[in-house]
Every structure is written in C-alpha cells, then in structure tokens.
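*Asks:* Residue numbers (the working numbering): -9 to 345. Every residue gets a Cβ at the ideal spot worked out from N, C-alpha and C, and that includes glycine. Questions regarding the structure given below will be posed in turn.
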C-alpha cells in the first residue's frame, strides 16, 4: 500500500509507473508535479482506475490510450484551424502524469484521486482527469467542490447513463452511482446537475422519480432528437448560469462519459448504448462550454482500448475532446483579457505560471 501522505511523485517516473500507466505527456506539453502547479494552469491528470465497472473492464488503460492517440509531433503545440488560437501555448497546459492507483485497495485509490485533484483545484488550477471508469467522478467533483465550495459547483454531465443508481453499505463504489453519491454527500445538490444524452433501459422508474425529486435536469436522447442538439445546448448553458436557491454557481465541472457518443463512432467503451450523439456534436459542445462557462474542472471517462476497433477511434475522440475543451478555455481567457482593453482600461493578465 502507498503512503497517502507521501509527496507526489514526478510525472511519468518509470520507477513507480503501473504497467497500464502512461509513458509520455499529453501532446508533449511540459510535465509538472501536482504540488507545484499554479493558479491558472490547466493540468492533465491520468486516473487508470476501472474497479467500478459493471460490464466490460479495461478503462484503466484509458489514460495511456488517450495520450497516445495523437498522430502529430509531440511538440506541445496544437494550433486550432478555426479558433485562431493554440490552446496548448495560449494556456499554461501541463501534464502531471497518472495518479497512484493501488491495485487491490479501491478506497485508498479513490482517496489518492481526491487528494491529487484537490491539490490542483486548491491551487486555483483547472484539473482535467483522463479515466478510468465513471466511479472516479465522485472524488474528482468532490475535490473541485471542496476547493470552490460545497453546493457552489454545477455538474454538466454527458453520458448514456444517469449514474444515479442506488447503493448499499456493501456496495458504495461503482461507476453507476457517482452522481447519487455527490448529491447524498452534499458536494453537488441535485438542482446543480445537468445531464445530456441519456438513453437505453437503465435506470429503473423509481430511480428516475428520485432524480426528479432532486430537481436534476436530464436531457434524454428523445428530447435531443426532437428539439435539436443546438437548442438543447443553448438551454444547458442558460441553466448552468442560473442561480440555484438564489445563489449563482461559481462554475461548472464537466464530466464526459465517452459512451454518450453513438457506439458506431465510439465503440471502445465498457457499456455501449446505441442511438447517441455524434462525435461532432460532442466536440462542438465541449468547446462551446469551455468558451461560455467558467469550467473549474473536467473528466473524460470510460475509454476502454481493448474494444476500440477500428483504428483506436474512441481514444482519438477522447483526445480531441481534451483539445476542443482547452480550445474553448483559451478562447474564454482571450476574450476576458481583451474586455478591459476594449473598455479603455488596462488589461489585467490572467494567472500564468512559467513554462
């Protein structure tokens, strides 16, 4: 077992890396220990954990697959063709490597995840966690909520499944329950949940009733198809900005389960469900959310490379989700920096650590 109070290891330290761990940083961006990040950093973290899966395991290999999916030079640069910004140079994007996962010790592994994400969020940086199964959203979002205030963070959740399943004392962990656990713990109240892409045959009616009682807003694919994705996304952004109980949220945590996308475009996942979003819809959505909302943290989950045929297209999609999200963040930061100058006042620089 690891020492939970130990100083974080250096990113991609070959002496401590797990066999399913990552070997190189995301797109070749600089590496940094989580206890050395600064306010304004965007920090990539891997969480190779899949002991909460209910069907097909393998998401523990997701962080490595996502980092390796790119076919371009790992030079730390990715200029966006239409946004006229390179998110990896416009923002201080760094990679802190993989969070220590202790095989056979589920609770300790989840505690490590919460501690590492908490170090990043507590420093005023934005954690982007590569999973891993959806179990880890509980420690991820809890850490972000703890840094910014319990009850003050809205979760925007893209998924085929609600992940609000009931749990007993004997089975308190798993990828089907993290959203209910966040509500029950008080970290994120139900009225601060917005879910997009739900479909299929789970959860059961009594769970759906509970979700309505908690005032969660869930957009099922039937509604998305009837109203149109753009109209739904407009409403998602409007709801994310609305105050809850008379108090506006400080920002959003964005949780993306790759199975929100139709398995024809994202087959490499543990619990695929036909009839989902297109890859283009998801990519456009995360970029827009990054641009128009105050994103405090995010995770991209449930990429299982063993099922990712042909040609690792699911890992590539998840990789591009990170790039499109950071592009939106860069566009937002650029607009924020320009606004004071456009009003005739000196522009205050955003927090920016040395590269």
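May I ask which residues mark the beginning and end of the alpha helix (DSSP H) holding residue 103?
*Replies:* Along the chain shown, read from residue 1 onward, the residue named residue 103 stands at position 113. It spans 96 to 112 - the alpha helix (DSSP H) in which residue 103 sits, taken as one unbroken run.
*Asks:* For residue 245, which three-state DSSP category applies?
*Replies:* Residue numbering aside, residue 245 sits at position 255 when the chain shown is read from its first letter. In the structure shown, residue 245 sits in a strand (DSSP, three-state: E or B).
*Asks:* Which residue from 89, 248 and 179 puts its Cα closest to that of residue 242?
*Replies:* Within the chain shown, residue 242 is the residue found at index 252, counting from 1. Ranking 89, 248 and 179 by Cα distance to residue 242 puts 179 first.
*Asks:* DSSP state of residue 327, grouped into three classes?
*Replies:* Here residue 327 refers to the residue found at position 337 when the chain shown is read from its first residue. Reduced to three states, the DSSP call for residue 327 is helix.
*Asks:* I'd like the span of the alpha helix (DSSP H) that includes residue 174, first residue to last.
*Replies:* Working through the chain shown from its first residue, we reach residue 174 at position 184. From DSSP, the alpha helix (DSSP H) with residue 174 extends over 168 to 175.
*Asks:* Measuring only the C-alpha atoms, how far is residue 81 from residue 270?
*Replies:* Residue mapping note: residue 81 aligns to position 91 of the chain shown, counting from 1. Residue mapping note: residue 270 aligns to position 280 of the chain shown, counting from 1. Distance between the alpha carbons of residue 81 and residue 270 is about 24 Å.
*Asks:* So residue 29 is in the alpha helix (DSSP H); what residue range does that whole segment cover?
*Replies:* For the purposes of this step, residue 29 is taken as the residue at position 39 of the chain shown. That residue, residue 29, is in no alpha helix (DSSP H); it is neither H nor E in DSSP.
*Asks:* Between the region 83 to 91 and the region 33 to 40, do at least 3 Cβ pairs fall closer than 8 Å?
*Replies:* Contact between the region 83 to 91 and the region 33 to 40 is present: 3 or more CB-CB pairs across the two stretches fall below 8 Å.
*Asks:* Identify the continuous beta strand (DSSP E) that holds residue 149 and give its terminal residues.
*Replies:* One-based indexing of the chain shown puts residue 149 at position 159. Where residue 149 is concerned, there is no enclosing beta strand (DSSP E), given that its DSSP letter is neither H nor E.
*Asks:* Along the beta strand (DSSP E) that carries residue 116, what are the first and last residues, could you check?
*Replies:* Walking along the chain shown from the start, residue 116 turns up at place 126. Element bounds for residue 116: 116 to 121.
*Asks:* Count the CB pairs spanning the region 223 to 235 and the region 273 to 281 that are closer than 8 Å, and state whether there are at least three.
*Replies:* yes
*Asks:* Give the range of the beta strand (DSSP E) segment to which residue 85 is assigned.
*Replies:* Stepping through the chain shown from its first residue, residue 85 is reached at position 95. Its beta strand (DSSP E) spans residues 83 to 88.
*Asks:* Residue 318 to residue 297, Cα distance in whole Å?
*Replies:* By one-based count along the chain shown, residue 318 stands at place 328. By one-based count along the chain shown, residue 297 stands at place 307. Between residue 318 and residue 297, the C-alpha separation is close to 30 Å.
*Asks:* If we call anything under 9 Å between Cβ atoms a contact, is residue 302 one with residue 258?
*Replies:* The residue labelled residue 302 in the question sits at position 312 within the chain shown. The residue labelled residue 258 in the question sits at position 268 within the chain shown. Less than 9 Å separates the beta-carbon of residue 302 from that of residue 258.
*Asks:* Please confirm if the region 40 to 58 is in contact with the region 13 to 27, defined as three or more CB-CB distances below 8 Å between the two stretches.
*Replies:* yes
*Asks:* Are three or more beta carbon pairs between the region 118 to 132 and the region 163 to 179 nearer than 8 Å?
*Replies:* Judged by Cβ distances under 8 Å, the region 118 to 132 makes contact with the region 163 to 179, as three or more pairs qualify.
*Asks:* Please list, in chain order, all residues of the same chain as residue 137 whose beta carbon is under 6 Å from its beta carbon, the five residues on each side excluded.
*Replies:* For the purposes of this step, residue 137 is identified with residue 147 of the chain shown, where counting begins at 1. Within the same chain, residue 137 has close Cβ partners 111 and 112.
*Asks:* Can you grab the Cα-Cα spacing for the pair residue 83 / residue 114, in whole Å?
*Replies:* As a working note, residue 83 is residue 93 in the chain shown. As a working note, residue 114 is residue 124 in the chain shown. So the two alpha carbons sit approximately 13 Å from each other.
*Asks:* Going straight from the alpha carbon of residue 140 to that of residue 170, what length do you get?
*Replies:* On the chain shown, residue 140 is found 150 positions in, with the first residue counted as 1. On the chain shown, residue 170 is found 180 positions in, with the first residue counted as 1. For residue 140 and residue 170, the distance between alpha carbons rounds to 15 Å.
*Asks:* Whole beta strand (DSSP E) runs in the region 200 to 283 with 3 or more residues, listed along the chain?
*Replies:* 207 to 210 and 241 to 247
*Asks:* Who does residue 35 pair with in a DSSP beta bridge?
*Replies:* Taking the first residue of the chain shown as position 1, residue 35 is located at position 45. Residue 35 pairs with 119.
*Asks:* Just to confirm my understanding: we take residue 18, look at its own chain, exclude 5 residues before and 5 after, and list those with CB closer than 7 Å. What are they?
*Replies:* Taking the chain shown and counting its residues from 1, the one referred to as residue 18 is at position 28. Once the five neighbours on either side are set aside, the close Cβ partners of residue 18 are 64, 65 and 66.
*Asks:* Quick one: Cα of residue 122 to Cα of residue 315, how far?
*Replies:* On the chain shown, residue 122 is found 132 positions in, with the first residue counted as 1. On the chain shown, residue 315 is found 325 positions in, with the first residue counted as 1. Their backbone Cα atoms lie some 19 Å apart in a straight line.
*Asks:* Quick check: the region 68 to 79 against the region 284 to 294, are at least 3 beta-carbon pairs closer than 8 Å?
*Replies:* no
*Asks:* Counting along the chain, where does the alpha helix (DSSP H) carrying residue 285 start and finish?
*Replies:* Along the chain shown, read from residue 1 onward, the residue named residue 285 stands at position 295. From DSSP, residue 285 is part of no alpha helix (DSSP H) but of the beta strand (DSSP E) over 285 to 291.
*Asks:* Would you tell me roughly how many angstroms separate the C-alpha atoms of residue 200 and residue 175, rounded to the nearest one?
*Replies:* As a first step, residue 200 must be located in the chain shown, where it is residue number 210. As a first step, residue 175 must be located in the chain shown, where it is residue number 185. When rounded, the distance between both Cα atoms is 15 Å.
*Asks:* Should residue 61 go down as buried or exposed, given a rule of 16 or more other Cβ atoms within 10 Å for buried?
*Replies:* Working through the chain shown from its first residue, we reach residue 61 at position 71. Residue 61 comes out exposed.
*Asks:* Comparing alpha-carbon positions, which option in 284, 288 and 304 lies nearest residue 326?
*Replies:* Locating residue 326 in the chain shown gives position 336, counting from the first residue. The shortest Cα separation from residue 326 among 284, 288 and 304 belongs to 284.
*Asks:* State the beta-bridge partners of residue 311 as determined by DSSP.
*Replies:* Against the chain shown, residue 311 aligns to sequence position 321. Partner(s): none; residue 311 has no beta bridge.
*Asks:* With DSSP run on the structure shown, which of helix, strand or coil describes residue 187?
*Replies:* Within the chain shown, numbered from 1, the residue matching residue 187 stands at position 197. Looking at residue 187 - three-state DSSP - the assignment turns out to be strand.
*Asks:* Identify, in the order they occur along the chain, each residue of the same chain with its Cβ nearer than 7 Å to the Cβ of residue 160, setting aside the five sequence neighbours on each side.
*Replies:* Residue mapping note: residue 160 aligns to position 170 of the chain shown, counting from 1. Note that residue 160 has pLDDT 42, beneath the 50 cutoff, so the model's placement of it is unreliable and no number is given.
*Asks:* Using the Cβ count rule (16 or more neighbours within 10 Å means buried), how would you classify residue 2?
*Replies:* Mapped onto the chain shown, residue 2 falls at position 12. It counts as buried.
*Asks:* Among the residues of its own chain, which have a CB less than 7 Å from the CB of residue 360, if the five just before and after it don't count?
*Replies:* In the structure as shown, the chain begins at -9 and stops at 345. Residue 360 is therefore absent and cannot be evaluated.
*Asks:* Could you pull out every residue in the same chain whose Cβ sits closer than 6 Å to the Cβ of residue 103, ignoring the five residues on either side in sequence?
*Replies:* Position 113 of the chain shown, counted from the start, is the residue given in the question as residue 103. The residues are 37, 89, 126 and 129.
*Asks:* Residue 52 lies in the alpha helix (DSSP H); which residues open and close that run?
*Replies:* The residue you call residue 52 lines up with position 62 of the chain shown. Where residue 52 is concerned, the enclosing alpha helix (DSSP H) stretches over 52 to 58.
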